[in-house]
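Protein sequences appear in the order of chains A and B.
The working numbering numbers the first residue of the first sequence as 20 and each following residue consecutively.
The working numbering numbers the first residue of the second sequence as 45 and each following residue consecutively.
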Amino acid sequence: MKKLFSSRHILQASICAFLIFAVLLPIISMLTQITGDGLNEVFTSPQFSSAVVNSVTTGLTATVISLTLAMLAAWCMERISMKLKAIFSVLFIVPMLLPSISHAFGLVSLLGTNGLITNLLGMSGGIYGFWGIVAGAVLYSFPVAFLMFSSILRYEDALPYEAAKVLGIPGKRQFLDITLPYLKKTIISAFFSVFTMIITDYGIPLMIGGKVTTLSVLMYNKAVAMIDYDAGSIIGAILLVPAVIAFFVDLLNPENAQNSFVSKPIEPAKKRSLEVLGYVFCAVVSLCILAPIASFLIMVFETKYPIDPTFTLYHIEKTINRGADGYLLNSLLYSVLVAVFGTLVAFVCAYLTTRMQGRFGKVLHLFSITSMAIPGIVLGLSYLLFFNGTPIYGTIWIIVLVNSIHFFASPYLMMRNTLEKMNPNLEAVGQSLGVGRLHIIWDVILPKVKLTVFEMLVYFFVNSMMTISAVSFLAPPAPKPLALMINQFEAQRLMESAAFVSLVIFFANILVKVVMQLIRKFSADEE
Amino acid sequence: MDNFVKNRLEIRNLSKGYDGKEVLQRVDFDVKDGEFLSILGPSGCGKTTLLRILIGLMEADTGTITKDGKDITKAPPDQRSMGIVFQNYALFENMTVLRNVEYALRIHGKSKKEARAIAQEMVEIVGLKEHLNKMPRQLSGGQQQRVAIARTLALNPDIVLFDEPMSALDALTRMSMRAELKQLQKRFGMTMIYVTHDQEEAFALSDRIMVMEKGGISQLDTPEAICAAPANDYVRSFVLDTLQSKIDSLRRFADEQKA
Chain A
20 MKKLFSSRHI LQASICAFLI FAVLLPIISM LTQITGDGLN EVFTSPQFSS AVVNSVTTGL
80 TATVISLTLA MLAAWCMERI SMKLKAIFSV LFIVPMLLPS ISHAFGLVSL LGTNGLITNL
140 LGMSGGIYGF WGIVAGAVLY SFPVAFLMFS SILRYEDALP YEAAKVLGIP GKRQFLDITL
200 PYLKKTIISA FFSVFTMIIT DYGIPLMIGG KVTTLSVLMY NKAVAMIDYD AGSIIGAILL
260 VPAVIAFFVD LLNPENAQNS FVSKPIEPAK KRSLEVLGYV FCAVVSLCIL APIASFLIMV
320 FETKYPIDPT FTLYHIEKTI NRGADGYLLN SLLYSVLVAV FGTLVAFVCA YLTTRMQGRF
380 GKVLHLFSIT SMAIPGIVLG LSYLLFFNGT PIYGTIWIIV LVNSIHFFAS PYLMMRNTLE
440 KMNPNLEAVG QSLGVGRLHI IWDVILPKVK LTVFEMLVYF FVNSMMTISA VSFLAPPAPK
500 PLALMINQFE AQRLMESAAF VSLVIFFANI LVKVVMQLIR KFSADEE
Chain B
45 MDNFVKNRLE IRNLSKGYDG KEVLQRVDFD VKDGEFLSIL GPSGCGKTTL LRILIGLMEA
105 DTGTITKDGK DITKAPPDQR SMGIVFQNYA LFENMTVLRN VEYALRIHGK SKKEARAIAQ
165 EMVEIVGLKE HLNKMPRQLS GGQQQRVAIA RTLALNPDIV LFDEPMSALD ALTRMSMRAE
225 LKQLQKRFGM TMIYVTHDQE EAFALSDRIM VMEKGGISQL DTPEAICAAP ANDYVRSFVL
285 DTLQSKIDSL RRFADEQKA
């Protein structure tokens with residue numbers, strides 16, 4: 020027993036030390052960068068106040084639109100009897116496989132100064148600015164809200180509605196008294212996470228914002244372009260505020276998890292008029308999602324749209340000559356390393372918080388989900404300030420570390436959910452049979468959770484392929500990942516190359532997702 | 045009672061508290077060799093905590109546990125020669141019935157052939173011969189619990205502990221499992237300690253019953269003696285009145301059937 024306890028303590032201590040060095044200390048080092056003079060300077064600048072206004076107005080507008088569309092889409096999928104549902108629900112989450120900056124770039128390529136649609140219709144190309152940011156942010160955040168809403172709707176129980184029907188309660192009251200209270204918590208938590216996601220992203224406003232500068236772009240400009248870390252830290256601290264609020268809202272809303280048990284699922288309505296409306300709505304949304312990707316394909320494979328629509332590989336060749344293949348290799352390497360390292364740490368954390376009793380587990384859990392509240396650009400600047408001068412700075416490992424932390428919370432929660440559902444006595448049985456904890460983990464638990472492990476690997480991989488937030492502060496000097504090239508190519512007016520890079524990331528992610536789907540299907544067949 | 049010569053286990057002054065609450069209060073008792081002892085009490089009386097301390101999954105704050113004259117208070121679970129069967133089976137879901145039973149034997153260094161032979165015998169004893177190569181999820185609750193029992197017996201422990209092993213089973217399965225459990229105990233001559241909140245079960249199975257309340261022992265005696273002389277009002281109401289009401293309702297039912 021003595022030995023077991025000590026190995027357990029070593030594990031707990033090392034995880035704690037890891038999280039302190041990888042999360043707590045970097046954030047502190049950013050916060051301590053803030054000085055009174057700096058605060059004064061930032062707060063009194065007109066740039067700053069207009070950035071606050073821009074961030075809040077674009078953020079709120081985009082959040083409201085995104086949530087409305089996502090709720091309607093989720094409603095179509097879960098409450099209306101429609102064919103093609105499988106296709107639509109895949110299409111609706113496609114934007115999750117593109118970097119945020121690609122969404123804005125897609126809009127620019129369609130509706131910008133020289134955009135496909137602009138040229139086609141002879142318009143002026145006025146997408147830049149407020150509405151450009153809003154449109155990009157809606158595309159970027161729609162899948163997240165859609166997933167939240169469709170899963171909550173899917174697990175709603177039909178029994179309260181049947182009871183209401185028996186009691187003669189009219190439809191409107193049913194909606195107000197049953198549906199809304201049921202959805203309330205999810206709507207609130209979706210609102211906060213989408214709003215936070217939008218205002219902490221700098222890719223979209225940087226690409227399409229034009230003269231409209233948001234807080235995130237201001238922070239990026241200050242810290243990356245002007246190397247003004249003091250101002251960057253102050254804005255970073257401000258960007259931490261909504262994230263922290265979102266985090267606490269989620270924390271205080273623990274019952275947010277949907278019903279674990281549905282006694283009777285709700286039957287989708289079979290009404291012709293509703294179906295038609297549903298098809299029209301879903302088709303329009305799908306079109307908006309697919310149009311930017313189609314425009315990338317046209318730009319990459321046509322010689323010169325619309326003058327010369329012949330097929331060509333010239334743009335790809337040109338992009339590769341500019342070093343894209345090297346950056347792609349960097350990205351693949353990062354993503355594989357982040358997947359392996361992140362999954363390992365997330366598994367250990369989830370195991371410690373679910374299958375070992377004690378107060379330590381609760382603290383570790385809180386600490387683990389805190390990483391969710393830290394925006395990528397804040398994490399990036401924190402790492403820059405904290406690790407500058409250490410041996411890891413400027414190497415691939417700092418990127419691996421920052422991405423593992425940035426995307427840690429979701430995979431951690433996936434594994435936690437899975438482990439919580441397993442019989443709590445497995446290790447105890449093992450001990451009574453003289454089978455140690457590591458044997459039980461290796462022979463009993465891992466085989467049982469391998470699907471979740473794959474999901475975690477995929478999550479880390481896909482997100483590392485796309486991310487531009489934290490890495491923009493740390494690479495260079497560390498080798499540059501591919502996603503950072505989108506902005507660079509666009510700035511050099513190399514639109515075809517930027518489109519190609521977006522497509523490469525997109526298809527790499529699709530490939531990984533398809534492999535995951537095959538694994539899932541294969542293991543379902545095996546059962 | 046005279047058949048029980050020596051004490052297998054001697055528990056002295058065992059206490060345990062968490063979060064400022066005393067879950068076990070200076071518990072003292074002996075377990076005789078080869079006996080079937082039930083620990084009976086409502087939820088929260090400390091019976092499961094006691095079981096976990098006995099097998100070494102939990103450490104007591106004070107007190108000692110002596111097994112066959114040896115102090116095992118601080119021994120790890122696998123060095124106590126005790127097995128445990130849980131309420132929710134805790135089977136290894138990714139392994140077949142046979143693999144579940146032979147797994148620990150293999151870890152302990154038995155040859156594949158030897159482990160397989162023992163496992164096969166155990167599975168046969170619990171009546172699952174034709175289910176050897178099935179996965180746990182293909183079995184009924186009662187069958188899964190039998191696998192858990194076979195897995196425990198395969199290591200040939202001196203004492204088997206049961207933590208409410210039948211509470212997840214339906215009434216009919218419970219009845220047949222009771223009889224089987226009794227037979228198993230006779231066959232192996234094993235000491236069994238059985239935690240339950242079901243009065244009927246305790247009376248049907250036990251050589252002796254230990255009635256617990258709020259972390260202490262109210263009475264420890266044979267079922268007959270408890271019936272004849274309940275130690276206090278709690279024992280009378282929790283044990284005897286409950287049984288009586290069951291008997292009454294059965295009798296009423298029988299009368300109605302006759303009429």
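A virtual CB, placed ideally from N, CA and C, is assigned to each residue, including glycine.
Exposed or buried, what is R291(A) when buried is set at 16 or more other beta-carbons lying within 10 Å of its beta-carbon? exposed
A447(A) touches chain B at which residues, Cβ-Cβ below 9 angstroms? R96, I99, L101, P121, I128, F130 and A134
Please return the same chain residues whose Cβ sits closer than 6 angstroms to the Cβ of K226(B), not counting the five positions on each side in sequence. none
Mind checking who R56(B) pairs with in its DSSP beta bridge? T108(B)
Spatially closest choice to F67(A) from M90(A), T232(A) and I47(A), by CA coordinates: T232(A)
Would you say G453(A) lies against chain B (beta-carbon separation less than 8 angstroms)? yes
Taking buried to mean at least 16 other C-beta atoms within 10 Å of its own C-beta, is P114(A) buried or exposed? buried
Is S354(A) buried or exposed, if buried means 16 or more other CB atoms sit within 10 Å of its CB? buried
Alpha carbon to alpha carbon, how far is K230(A) from V71(A)? Give it in angstroms, no decimals. 14 angstroms
Can you tell me the Cα-Cα spacing of V157(A) and V109(A), whole angstroms? 17 angstroms
Can you list the residues of chain B that V463(A) reaches, using a CB-CB cut of under 9 angstroms? F136, E137, N138, M139 and Y147
Buried versus exposed, by CB contacts within 10 Å (16 or more), E97(A): buried
Minimum Cβ-Cβ distance from P466(A) to chain B less than 8 angstroms: yes
Cβ-Cβ distance between I171(A) and A183(A) below 8 angstroms: no
If you compare alpha carbons, which of L91(A), S169(A), T362(A) and C307(A) is closest to S12(A)? One cannot answer for residue 12(A) here, as it falls past the ends of chain A, which runs 20 to 546.
Give the DSSP bridge partners of P284(A), in chain order. D176(A)
Using the Cα positions of L400(A) and N349(A), report the straight-line distance between them to the nearest angstrom. 21 angstroms
Proximity to S390(A) [Cα-Cα], best of L166(A), G187(A), T409(A) and F267(A): F267(A)
Provide the residue(s) that pair with G260(B) in DSSP beta bridges, ordered along the chain. E257(B)
Proximity test, Cβ basis, 8 angstroms: H28(A) and chain B: no
Can you tell me the Cα-Cα spacing of S128(A) and N422(A), whole angstroms? 29 angstroms
Determine the DSSP secondary structure at E79(B), reduced to helix, strand or coil. coil
Should the stretch 67 to 85 of chain B be regarded as contacting the stretch 238 to 252 of chain B, the criterion being three or more beta carbon pairs within less than 8 angstroms? yes
Cβ-based contacts, 9 angstroms cut-off: residues of the stretch 181 to 209 of chain B near chain A: R181, A192, R195, T196, A198, L199, P201, L205 and D207
State whether the stretch 484 to 492 of chain A contacts the stretch 500 to 507 of chain A, with contact taken as three or more CB pairs (one from each stretch) at a distance under 8 angstroms. yes
Which residues, taken in chain order from the stretch 151 to 163 of chain B, show a beta carbon closer than 9 angstroms to some beta carbon of chain A? I151 and H152
Closer than 8 angstroms by C-beta to V523(A): which residues in its own chain qualify, once you throw out the five before and the five after it? Chain order, please. A343, L347 and L501
Does any residue of chain B bring its CB to less than 8 angstroms from the CB of H425(A)? no
What does DSSP give as the partner residues of D207(B) in its beta bridges? V239(B)
Once DSSP output is grouped into helix, strand and coil, what is the label at N442(A)? coil
If the cut is a Cβ gap below 8 angstroms, which residues of chain B does N422(A) touch? In chain order: nothing, as chain B lies at least about 32 angstroms away.
G134(A) versus G148(A): straight-line alpha-carbon distance, rounded: 15 angstroms
What is the residue span of the beta strand (DSSP E) that K323(A) lies within? E321 to K323
Show which residues of chain B have a CB atom less than 7 angstroms away from the CB atom of Q31(A). Within chain B, no residue comes near Q31(A); the closest Cβ sits about 18 angstroms away, beyond 7 angstroms.
So, is the C-beta of N442(A) closer than 8 angstroms to a C-beta in chain B? yes
If you measure from the beta carbon of H458(A) to each beta carbon in chain B, is any gap under 8 angstroms? yes
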